[in-house]
Amino acid sequence: MSAWEHCSTWVYGSPPSKALRLRPSLLAACRSPGECSGARITLTEDVETVVCRADFPHTGVWGSMGEPAGAWRERIELLLRYQVNGKAIAATGNPDVKIVHCLPALHDRHTRLDREPLDACGPVGLEIADEVSFSPASFVFDQAENRPHTIKAVLVAGPED
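Following this line, the structure appears as C-alpha coordinates:
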(Lines of atoms letter the chains of each structure in order from A; the text may use other names.)
(Lines give C-alpha, C1' and ligand atoms only; values in the text may rest on other atoms or scores of the structure.)
Protein backbone atom coordinates (compact mmCIF):
# COMPACT_ATOMS: atom_id res chain seq x y z
CA MET A 4 0.00 0.00 0.00
CA SER A 5 1.47 3.38 -0.97
CA ALA A 6 1.61 6.47 1.23
CA TRP A 7 -1.19 7.96 -0.88
CA GLU A 8 -3.49 5.11 0.13
CA HIS A 9 -2.98 5.79 3.83
CA CYS A 10 -4.32 9.34 3.59
CA SER A 11 -8.00 10.09 3.77
CA THR A 12 -7.93 13.50 2.12
CA TRP A 13 -5.60 15.39 -0.23
CA VAL A 14 -6.56 18.96 -1.06
CA TYR A 15 -4.51 20.57 -3.80
CA GLY A 16 -4.41 24.32 -4.45
CA SER A 17 -4.96 24.44 -8.17
CA PRO A 18 -3.92 27.74 -9.74
CA PRO A 19 -6.15 29.12 -12.48
CA SER A 20 -3.27 28.87 -14.98
CA LYS A 21 -3.64 25.77 -17.14
CA ALA A 22 0.16 25.58 -17.38
CA LEU A 23 0.42 24.96 -13.62
CA ARG A 24 -2.46 22.53 -13.14
CA LEU A 25 -1.97 18.83 -12.53
CA ARG A 26 -1.92 16.83 -15.73
CA PRO A 27 -5.15 14.77 -16.06
CA SER A 28 -3.08 11.56 -16.38
CA LEU A 29 -1.27 12.31 -13.09
CA LEU A 30 -4.52 13.16 -11.35
CA ALA A 31 -6.08 9.89 -12.57
CA ALA A 32 -3.03 7.95 -11.36
CA CYS A 33 -3.44 9.53 -7.91
CA ARG A 34 -7.20 9.05 -7.71
CA SER A 35 -7.15 5.40 -8.71
CA PRO A 36 -5.44 3.97 -5.58
CA GLY A 37 -7.25 6.51 -3.42
CA GLU A 38 -10.66 5.23 -4.52
CA CYS A 39 -9.75 1.76 -3.22
CA SER A 40 -9.07 3.14 0.25
CA GLY A 41 -11.82 5.76 0.39
CA ALA A 42 -9.37 8.66 0.08
CA ARG A 43 -10.53 11.88 -1.56
CA ILE A 44 -8.52 14.26 -3.74
CA THR A 45 -9.91 17.77 -4.12
CA LEU A 46 -8.67 20.44 -6.51
CA THR A 47 -9.60 24.00 -5.67
CA GLU A 48 -8.42 27.57 -6.24
CA ASP A 49 -9.69 28.60 -2.78
CA VAL A 50 -6.78 28.86 -0.34
CA GLU A 51 -8.94 28.54 2.78
CA THR A 52 -10.40 25.28 1.44
CA VAL A 53 -6.89 24.02 0.77
CA VAL A 54 -5.66 24.56 4.33
CA CYS A 55 -8.86 24.10 6.36
CA ARG A 56 -8.24 21.38 8.99
CA ALA A 57 -4.94 20.47 7.34
CA ASP A 58 -2.48 18.42 9.35
CA PHE A 59 0.50 18.75 6.98
CA PRO A 60 0.34 21.61 4.46
CA HIS A 61 3.09 20.98 1.92
CA THR A 62 4.66 23.38 -0.51
CA GLY A 63 7.56 23.28 -2.92
CA VAL A 64 9.73 25.62 -4.95
CA TRP A 65 7.70 27.54 -7.52
CA GLY A 66 10.27 27.49 -10.26
CA SER A 67 13.43 25.84 -11.42
CA MET A 68 16.76 27.20 -10.31
CA GLY A 69 18.37 29.36 -12.96
CA GLU A 70 15.12 30.36 -14.68
CA PRO A 71 15.00 33.95 -15.93
CA ALA A 72 13.38 36.61 -13.75
CA GLY A 73 10.43 36.84 -16.15
CA ALA A 74 9.47 33.23 -15.45
CA TRP A 75 9.67 33.86 -11.71
CA ARG A 76 7.54 37.01 -12.01
CA GLU A 77 4.81 35.09 -13.81
CA ARG A 78 4.82 32.24 -11.27
CA ILE A 79 4.84 34.60 -8.30
CA GLU A 80 1.88 36.51 -9.71
CA LEU A 81 -0.04 33.23 -10.12
CA LEU A 82 1.01 31.57 -6.88
CA LEU A 83 1.61 34.21 -4.20
CA ARG A 84 -1.86 33.72 -2.75
CA TYR A 85 -0.88 30.07 -2.08
CA GLN A 86 2.11 31.04 0.06
CA VAL A 87 2.35 29.12 3.33
CA ASN A 88 2.47 31.99 5.83
CA GLY A 89 1.08 32.84 9.25
CA LYS A 90 -2.38 33.55 7.82
CA ALA A 91 -2.48 30.16 6.08
CA ILE A 92 -1.34 28.38 9.25
CA ALA A 93 -4.04 30.13 11.29
CA ALA A 94 -6.64 29.18 8.66
CA THR A 95 -5.94 25.48 9.26
CA GLY A 96 -7.62 25.80 12.65
CA ASN A 97 -5.23 23.06 13.76
CA PRO A 98 -3.02 23.86 16.77
CA ASP A 99 -0.86 20.79 15.97
CA VAL A 100 -0.32 21.60 12.29
CA LYS A 101 3.13 20.75 10.84
CA ILE A 102 4.50 22.39 7.69
CA VAL A 103 6.53 20.41 5.18
CA HIS A 104 8.60 21.64 2.24
CA CYS A 105 10.87 19.77 -0.15
CA LEU A 106 13.64 22.43 0.05
CA PRO A 107 15.33 24.58 -1.02
CA ALA A 108 12.92 27.21 0.23
CA LEU A 109 13.07 30.75 -1.09
CA HIS A 110 12.11 32.58 2.07
CA ASP A 111 14.77 35.21 2.78
CA ARG A 112 17.59 37.10 1.09
CA HIS A 113 20.55 35.41 2.80
CA THR A 114 21.81 33.61 -0.32
CA ARG A 115 22.17 34.50 -3.99
CA LEU A 116 19.70 31.71 -4.80
CA ASP A 117 17.08 33.54 -2.71
CA ARG A 118 18.03 37.10 -3.63
CA GLU A 119 17.76 36.86 -7.41
CA PRO A 120 14.06 35.93 -7.71
CA LEU A 121 13.08 37.92 -4.62
CA ASP A 122 14.88 41.09 -5.77
CA ALA A 123 13.43 40.75 -9.26
CA CYS A 124 9.90 40.24 -8.00
CA GLY A 125 9.61 42.02 -4.67
CA PRO A 126 7.95 39.77 -2.10
CA VAL A 127 9.57 38.64 1.10
CA GLY A 128 9.44 34.89 0.89
CA LEU A 129 7.91 32.95 -1.93
CA GLU A 130 6.32 29.58 -1.36
CA ILE A 131 6.91 29.68 2.40
CA ALA A 132 7.29 32.72 4.64
CA ASP A 133 10.34 33.02 6.89
CA GLU A 134 8.02 33.29 9.90
CA VAL A 135 6.74 29.78 9.15
CA SER A 136 10.03 28.15 8.08
CA PHE A 137 11.50 28.61 11.52
CA SER A 138 8.32 28.30 13.59
CA PRO A 139 7.42 25.45 15.94
CA ALA A 140 5.02 24.24 13.22
CA SER A 141 7.88 23.68 10.77
CA PHE A 142 8.78 20.09 9.95
CA VAL A 143 10.88 21.28 7.01
CA PHE A 144 14.32 20.31 8.28
CA ASP A 145 13.15 16.99 9.75
CA GLN A 146 11.73 16.13 6.34
CA ALA A 147 14.99 17.07 4.62
CA GLU A 148 17.00 15.09 7.15
CA ASN A 149 15.12 11.93 6.19
CA ARG A 150 15.77 12.33 2.46
CA PRO A 151 19.24 10.67 2.38
CA HIS A 152 17.92 7.67 4.32
CA THR A 153 15.01 7.30 1.90
CA ILE A 154 17.39 7.43 -1.07
CA LYS A 155 19.61 4.76 0.50
CA ALA A 156 16.58 2.53 1.12
CA VAL A 157 15.47 2.89 -2.51
CA LEU A 158 18.97 1.99 -3.69
CA VAL A 159 19.09 -1.11 -1.46
CA ALA A 160 15.61 -2.23 -2.56
CA GLY A 161 16.21 -1.21 -6.17
CA PRO A 162 15.54 -3.27 -9.26
CA GLU A 163 17.04 -6.72 -9.47
CA ASP A 164 19.18 -7.81 -12.40
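Start counting the sequence shown at 4; every next residue gets the next number (our numbering).
All residues carry an ideal CB built from backbone N, CA and C; glycine is no exception.
* To do: Quick one: give me the first and last residue of the alpha helix (DSSP H) that T153 is part of.
  => As a position in the sequence shown, residue 153 is number 150, starting the count at 1. For T153, the enclosing alpha helix (DSSP H) begins and ends at V143 to V159.
* Asked: Ends of the alpha helix (DSSP H) at L1?
  -> In this structure the chain extends from 4 to 164, so residue 1 is not present and cannot be described.
* **Buried/exposed call for P139, threshold 16 Cβ in 10 Å** => As a first step, residue 139 must be located in the sequence shown, where it is residue number 136. Flag for P139 reads exposed.
* Residue range of the alpha helix (DSSP H) that T114 falls in? -> For the purposes of this step, residue 114 is identified with residue 111 of the sequence shown, where counting begins at 1. Counting along the chain, no alpha helix (DSSP H) covers T114, and no H or E run does either.
* To do: Would you check if there are 3 or more beta carbon pairs closer than 8 Å linking the region 71-80 to the region 95-103?
  => no
* Asked: Taking the alpha-carbon positions, what's the A94 to V64 distance?
  -> Along the sequence shown, one-based indexing puts residue 94 at 91. Along the sequence shown, one-based indexing puts residue 64 at 61. Answer to the nearest angstrom: the Cα atoms are 22 Å apart.
* Determine the extent of the alpha helix (DSSP H) in which R78 is found, giving its start and end residues. => Here residue 78 refers to the residue found at position 75 of the sequence shown. A72 to L82 is the extent of the alpha helix (DSSP H) around R78.
* Return the chain-ordered ranges of every beta strand (DSSP E) run that is complete within the region 40-69 and spans a minimum of 3 residues. => 43-47
* **Expected contact under 8 Å - CB spacing of L81 and S17 to nearest Å** => Residue numbering aside, residue 81 sits at position 78 when the sequence shown is read from its first letter. Residue numbering aside, residue 17 sits at position 14 when the sequence shown is read from its first letter. No, L81 and S17 are not in contact; Cβ-Cβ is about 11 Å, not under 8 Å.
* Alpha-carbon to alpha-carbon, F59 and K155 -> Numbered from its first residue, the sequence shown carries residue 155 at position 152. Numbered from its first residue, the sequence shown carries residue 59 at position 56. C-alpha separation (whole angstroms): 25 Å.
* Closest by CA to C55, which one among I92, A132 and E134? -> Taking the sequence shown and counting its residues from 1, one reaches residue 55 at position 52. The shortest C-alpha separation from C55 is found at I92.
* In three-state terms, what does DSSP make of G128? -> Taking the first residue of the sequence shown as 1, we reach residue 128 at position 125. Under the three-state reduction of DSSP, G128 is assigned to coil, being neither helix nor strand.
* Buried or exposed: V143, going by 16 or more other Cβ atoms within 10 Å of its Cβ? -> Taking the sequence shown and counting its residues from 1, the one referred to as residue 143 is at position 140. If you draw a 10 Å sphere on the C-beta of V143, you find 16 or more other C-beta atoms in it, and that means buried.
* Asked: Helix, strand or coil: which one does DSSP assign to V100?
  -> In the sequence shown, counting from the first residue as 1, residue 100 sits at position 97. It is coil, neither helix nor strand.
* Residue nearest to P165 in terms of C-alpha spacing, selected from A160, I79 and N88 -> Residue numbering for the chain in the displayed model covers 4 to 164; residue 165 lies beyond these limits and cannot be assessed.
* With distances taken between CB atoms, is the gap from I131 to A108 smaller than 8 Å? -> To locate residue 131, count along the sequence shown from 1; it is residue 128. To locate residue 108, count along the sequence shown from 1; it is residue 105. In this structure, A108 lies closer than 8 Å to I131 by Cβ.
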